[in-house]
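Residue numbers (my numbering), protein chains in the order written: chain F, 10 to 699; chain U, 10 to 699.
Glycine included, each C-beta is placed from N, C-alpha and C at the ideal position.
Scroll down for the structure; my scribbles are underneath it.
Number of protein chains: 2
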Amino acid sequence: MSSNNNHLNHPVNQDPTVIFMPSGRRGRVTPGQSVLTAARQMGVEIESICGGRLTCGKCKVQVEAGAFPKHGIISNPSHLSPPGEEEQRMLKRLHSEDCRLSCAAYVYGDLLVTVPEESRAHKQIIRKSATERVIEIKPAIRKLYVEVDQAELGEHRGDWGRLQSALADQWQLQHLRLDLPVLRRLQPMLRKCNWSVTVTLWHDQEVIDVQPGYQEGIYGLAVDIGSTTVAGFLCDLRTGDILATESFMNPQVTYGEDLMSRISYAMMNTDGLEKMHTAIIDTLNRLAASVARQANIQARDIHEAVMVGNTTMMHILLGINPIELGGAPFALANRDAMDIKARELNLRLHPGAYVHVLPAEAGHVGADNVAVLIAEQPYQQDENVLVVDVGTNAEIVLGNRHWLYSASSPTGPAFEGAQITYGVRAAPGAIERVRIDPDTKIARFRVIGDERWSNEWQRGPQATPETQPRHLAIGICGSGIIEAVAEMFLAGILWPDGRFNQRCDSDRLVWEERKGSYILATAEESATGAPILVTQDDVRNIQLAKAALYAGAKLLMNRAGLTSVDRILLAGAFGSYIDPKYAMILGLIPDCALENVYPVGNAAGDGARIALLNRDKRIEAQQIARWTRYIETAIDPDFQTEFVNAIHLPHRSDTFPHLADILPASPSDDDDAGEHGRRRRRSRTRMVKL
Amino acid sequence: MSSNNNHLNHPVNQDPTVIFMPSGRRGRVTPGQSVLTAARQMGVEIESICGGRLTCGKCKVQVEAGAFPKHGIISNPSHLSPPGEEEQRMLKRLHSEDCRLSCAAYVYGDLLVTVPEESRAHKQIIRKSATERVIEIKPAIRKLYVEVDQAELGEHRGDWGRLQSALADQWQLQHLRLDLPVLRRLQPMLRKCNWSVTVTLWHDQEVIDVQPGYQEGIYGLAVDIGSTTVAGFLCDLRTGDILATESFMNPQVTYGEDLMSRISYAMMNTDGLEKMHTAIIDTLNRLAASVARQANIQARDIHEAVMVGNTTMMHILLGINPIELGGAPFALANRDAMDIKARELNLRLHPGAYVHVLPAEAGHVGADNVAVLIAEQPYQQDENVLVVDVGTNAEIVLGNRHWLYSASSPTGPAFEGAQITYGVRAAPGAIERVRIDPDTKIARFRVIGDERWSNEWQRGPQATPETQPRHLAIGICGSGIIEAVAEMFLAGILWPDGRFNQRCDSDRLVWEERKGSYILATAEESATGAPILVTQDDVRNIQLAKAALYAGAKLLMNRAGLTSVDRILLAGAFGSYIDPKYAMILGLIPDCALENVYPVGNAAGDGARIALLNRDKRIEAQQIARWTRYIETAIDPDFQTEFVNAIHLPHRSDTFPHLADILPASPSDDDDAGEHGRRRRRSRTRMVKL
């Protein structure tokens, strides 16, 4: 496609940058490469069946032309080759005139490319899996079979009146109201099914559905709306069973990766809220349809949903502008639980269905944290429990049956693999476990989708289908970067202050302008054919994130007068996949006996499910949300101090006594102690500026 | 326009029939006449400014081509001349391509022509005027000014929580809920108006609006949805004043003039309910906009509406198929009062506004009758009160503080001027008062819009602007036909059984195939230039209607063991304009001292307004609706007997002692007594078949 070279208007001395959304993967490409090739080089998997013959149309992407200062990108239409006639025909046939086929679009300048879900080659692995818990089944909705008196001349109760009489006589229910759409269907329904119906009741207050004859199945949907992932659990409200689970990317990622950028988007664009609201509603509708399909029911068979999420997600879900959450005093529009008709939100569940939204604690601790609390119930413990939920923001709760403190820490998305040079989300091929030989400084790793360590891989002529790597490395996910940095520290590659150790002699270390990088995976081990590195900036970003998390926990401990905690619960996808030992080596969490550090899975999703299955838990949630004392990290001077102190990688056995057995008696540790003390003091101001 | 003669395909021996909707006026026209000319001949007033020059476009009408068996019409497109280029251009400019200009469309066959509201020359006179009553002002909604605590760091109630605190502290209100659209606007509102707002509360339960600063005006809308007319009253809910009234034709008239034809329409057409529901909602929206405009407010300043109407109207309003009301056992979908968000009905009032619908008593006695009851309160009287509300159906209530019976009688639309050969709705030029000289048999009459009797009119050269008739007669309205038939009876033109008296010698009587007609207005007195007649069929239709009404009242009196009542209240537009004396002469109502027969105006509208202004009255309405005992006329053998007995025009002083002073000692009365007794017995079966 040399004919397209006339579109090249990029500075010749610099290769164009391409960023793929929603993964956030970015990289430089040689001008004239196809978008599909560029994606493959960066480990962004785009489906393609016809291999560039313009016949399958599976590889379509959206390419945006504009200024994206946050991403350092200024792109314009000429950065991409224009579509040819054949491509135009195909896109028209796909009703996707706003898209391009990535196999036929050639890069000539900086680009922001969005890969729509249907074009992604591999589904995201569902990391948020619901754990099994004992929950008393006492849902807010129930189904009752009733036999109604026939209409007769001279009797004027009306069909709804007769149904009310039947519910009073047969089920001792009084003072019910009826949803208008049900009233509209009631008369033909009663006559068609010989005056026997199954009624769906919400809180024994409102008839939200009437079905012919005897009907049994009753279904609810619990949803955890994360900034990045939306996870849904379809539950049988009679048995409490999870019938189906599904998770989708939060489509709002397009409008900003973290909460602050979404709030900014709502602030800067008059239709910003509307766009993000519509996007999440669409996704929830797809999610409901998907779980229903899996369970062989219809989305309209779902009669209630419980939704949780951070405060920004909840505001946007309800169509409330989140801008007040973007600045002090971080005022919520509403703190309390709400029940809203699904149809008021354009959610396509049953037309009479309600959505219950759990309450929030404060501007930065939302319904998802309340859900974690009702799932883990620290307020019923004698011990001091620390609950840490790491997402784009980290929510931290500390307490016991007598008191509960909560805080929110701006960890940023580093733990999710974003802001990491070779960071990827958890997907097959992502490096999730790392071990570095302290002598050779050579790493072995494990990728998602393969149980074996990379040093057990066989390649070349002697490899069999069994010994060949199942996935080459595509990048580093959250738990991988934690282990990588911790192992680099343990192997002496990093100083406790996070700098690369220039005295360290290994060809795995690369130096550029006096900044070190570490080759975690070699070109041969990498799917892109280029090595996968951990850079100095990556280490810095991890340090900032872990310091924020640690400082938050420390703040609450100080408030409570504790120097250690009895138990640590790690909630969320990140908490499930991180190795507690490495979390402690890196100093994400305070000192604790390792056997008392547990991953608790998607506790927010569990809490949503618990509130769905048991209406009393909603009252408990409301009480706990108000009872928990929120500590504002933003205005607490303690937080800044703790943050600065926590920037370093931990190595002092007086702060982390439980690490004493784990940490090697590294000579560099002692050697550097004196120098390090000075460096820490010097670094205090410098680090805070980062 | 003789060039259009090729479209003539009508049997030559019969002039085509044209029916104009919604008035129902019909007549035969000479082929080749314009629709506008035909309309004028029949007293249908269509606006026209340019006089057929195709420049004003005011005279547009919709002409339907199809079969209308109910109207005896089978029309097809060739019954009308096709539009010329000039007309097409004009219609395109008016965005009315589905219309014709009546000045340029020529009749060549049977037609059904609908005159849209904007093309009518004279607005309908608002007959339903609200009477002034003393009502305690205690509306369901109220406005409260509150000053809310500012959001502060470290305080997490949220804006709605702070507003709740303010309402609790300043107004002792607890356990409030908030409408979602209000929550969406709450945060910017509080900040813009310095944390002082006016809250609109519904039943002290729900915050349905928040406005900046101090706001005073609070408005509600009371609506009486009649089968023919929709009347609305915009009320100031602080003072109780009526700020504006408006009435529109019920657009459902297009789908059937009476209730049964609308129920049939819903039964026969899958989208019938949808069409009629949408039509009434559109009209209510126009009504709300109109009253708001008159009062210099916006429709969105209306925070509540109370609506009443017969059961069919209420079903259609709520989007419930009324087919069950079309046959025994006449089962209501819902008898009780309901509160529904206006937006659920697509009503464009305030987004948080509620619509309160009053309860019904039985399948044929609806919220409009309950409204009449709470307006007139017969249940607080010691005397026996008969309340008669004549519309297309008549609702009849009899009782006192100890008991209340109600019934519904199928009077049909004759009293409204329909089914009467020269019948018109109440409009300027309609004959409303009639006197016939017993000797000359010549009538004088009064038309709406002119205080003088027709014999005071001056025409020709000696007439001055003062003495000239203001409107020539266009037809006979409901009160006019009552008086005409009664006066014809009193003048000896009619026998008591309703036949024309062949012995009566007057050139005002016309005979055709032994059927008589009476010339009420001469060609000179008529706007169409043709005389206005009362035919034998008209007299029969009035007899049937009045017999149904009387039989209903008699049925209730029999049930209560009464032979007379103490007081009669005539509700509705018809009741307001009918002369009680003639109602009794004709035998519409049972015997009663004339000074105890009162018109009470639009009591249904008054009742709606009372329920709007005073929420306690809604509880009273609910109680009364259940307390009143409904007598089913359709299955009561008594009703048939009373109906047959009531077919005759009353003349027996033993049945109507109060008529003794009024009725002349007509010689024909005595002469005919013996013969009449036989005739009555003979007529019993014949009349029932009618």
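Straight-line gap, residue i to residue j (C-alpha atoms, nearest Å)
{"i": "E404/U", "j": "T664/U", "result": "23 Å"}
{"i": "E333/U", "j": "R200/F", "result": "10 Å"}
{"i": "A308/F", "j": "L162/U", "result": "42 Å"}
{"i": "S675/F", "j": "L499/F", "result": "With a pLDDT of 46 at S675/F, under the threshold of 50, the modelled position of that residue is not reliable, and the figure given next carries that caveat. Computed Cα separation, rounded: 8 Å."}
{"i": "D575/F", "j": "L407/F", "result": "10 Å"}
{"i": "R302/U", "j": "T292/U", "result": "15 Å"}
{"i": "I640/F", "j": "L564/F", "result": "8 Å"}
{"i": "I150/U", "j": "R352/U", "result": "17 Å"}
{"i": "N734/F", "j": "P338/U", "result": "Any property of residue 734/F remains undetermined from this structure, which presents chain F solely from 10 to 699."}
{"i": "A592/U", "j": "L63/U", "result": "47 Å"}
{"i": "K152/F", "j": "A580/U", "result": "46 Å"}
{"i": "Y559/F", "j": "Q214/F", "result": "46 Å"}
{"i": "G66/U", "j": "I541/U", "result": "31 Å"}
{"i": "S299/F", "j": "L121/U", "result": "52 Å"}
{"i": "L172/U", "j": "A369/F", "result": "17 Å"}
{"i": "T473/F", "j": "H480/F", "result": "14 Å"}
Where the alpha helix (DSSP H) containing residue i begins and where it ends
{"i": "G614/F", "result": "612-622"}
{"i": "Y274/F", "result": "268-277"}
{"i": "T209/U", "result": "Here T209/U belongs to no alpha helix (DSSP H); instead the beta strand (DSSP E) covers 205-211."}
{"i": "A427/F", "result": "Here A427/F belongs to no alpha helix (DSSP H), and DSSP marks it neither H nor E."}
{"i": "K350/U", "result": "Looking at the DSSP string, K350/U is not in any alpha helix (DSSP H); the run it does join, the beta strand (DSSP E), is 347-350."}
{"i": "W636/U", "result": "625-636"}
Under 8 Å between C-beta atoms of residue i and residue j
{"i": "S87/F", "j": "R434/F", "result": "no"}
{"i": "N611/U", "j": "A582/U", "result": "yes"}
{"i": "D398/F", "j": "R410/F", "result": "no"}
{"i": "V546/U", "j": "T430/U", "result": "Val is not the amino acid found at residue 546/U; the sequence shown has Asp there. Yes, the Cβ-Cβ distance between D546/U and T430/U is below 8 Å."}
{"i": "E441/U", "j": "Y586/U", "result": "yes"}
{"i": "I306/F", "j": "A297/F", "result": "no"}
{"i": "A452/F", "j": "A482/F", "result": "no"}
{"i": "G561/F", "j": "T642/F", "result": "yes"}
{"i": "E54/F", "j": "C68/F", "result": "no"}
{"i": "V157/F", "j": "A175/F", "result": "yes"}
{"i": "A74/F", "j": "S84/F", "result": "yes"}
Neighbourhood of residue i by C-beta, 8 Å cutoff - its chain only, sequence neighbours within 5 removed
{"i": "L518/F", "result": "K450, I502, F509, G525, S526, Y527, I528"}
Three-way DSSP call (helix, strand, coil) for residue i in this model
{"i": "A580/U", "result": "strand"}
{"i": "S32/F", "result": "coil"}
{"i": "W169/U", "result": "helix"}
{"i": "M258/F", "result": "strand"}
{"i": "L120/U", "result": "strand"}
{"i": "P331/U", "result": "helix"}
{"i": "R453/F", "result": "strand"}
Host beta strand (DSSP E) of residue i (start-end)
{"i": "T287/F", "result": "It is not in any beta strand (DSSP E) - T287/F instead sits in the alpha helix (DSSP H) that spans 281-303."}
{"i": "D218/F", "result": "215-221"}
{"i": "D233/U", "result": "228-234"}
{"i": "M316/F", "result": "311-318"}
Cβ shell of residue i (< 6 Å), same chain only, five flanking positions each side left out
{"i": "M285/F", "result": "Q261, Y264, I325"}
{"i": "I445/F", "result": "A452, E496, A500"}
Contacting residues, own chain, Cβ-Cβ under 7 Å from residue i (five flanking each side not counted)
{"i": "D625/U", "result": "K147"}
{"i": "P422/U", "result": "E266, D267, T401, Q428"}
The ligand MG heavy atom lying under 7 Å from the CB of residue i
{"i": "L189/U", "result": "Here there are no bound small molecules, and the ligand MG is not part of this structure."}
Contact set between the region 329-346 of chain U and chain B, restricted to residues whose Cβ is under 9 Å from the partner:
Chain labels in this structure do not include chain B; the protein chains are F and U.
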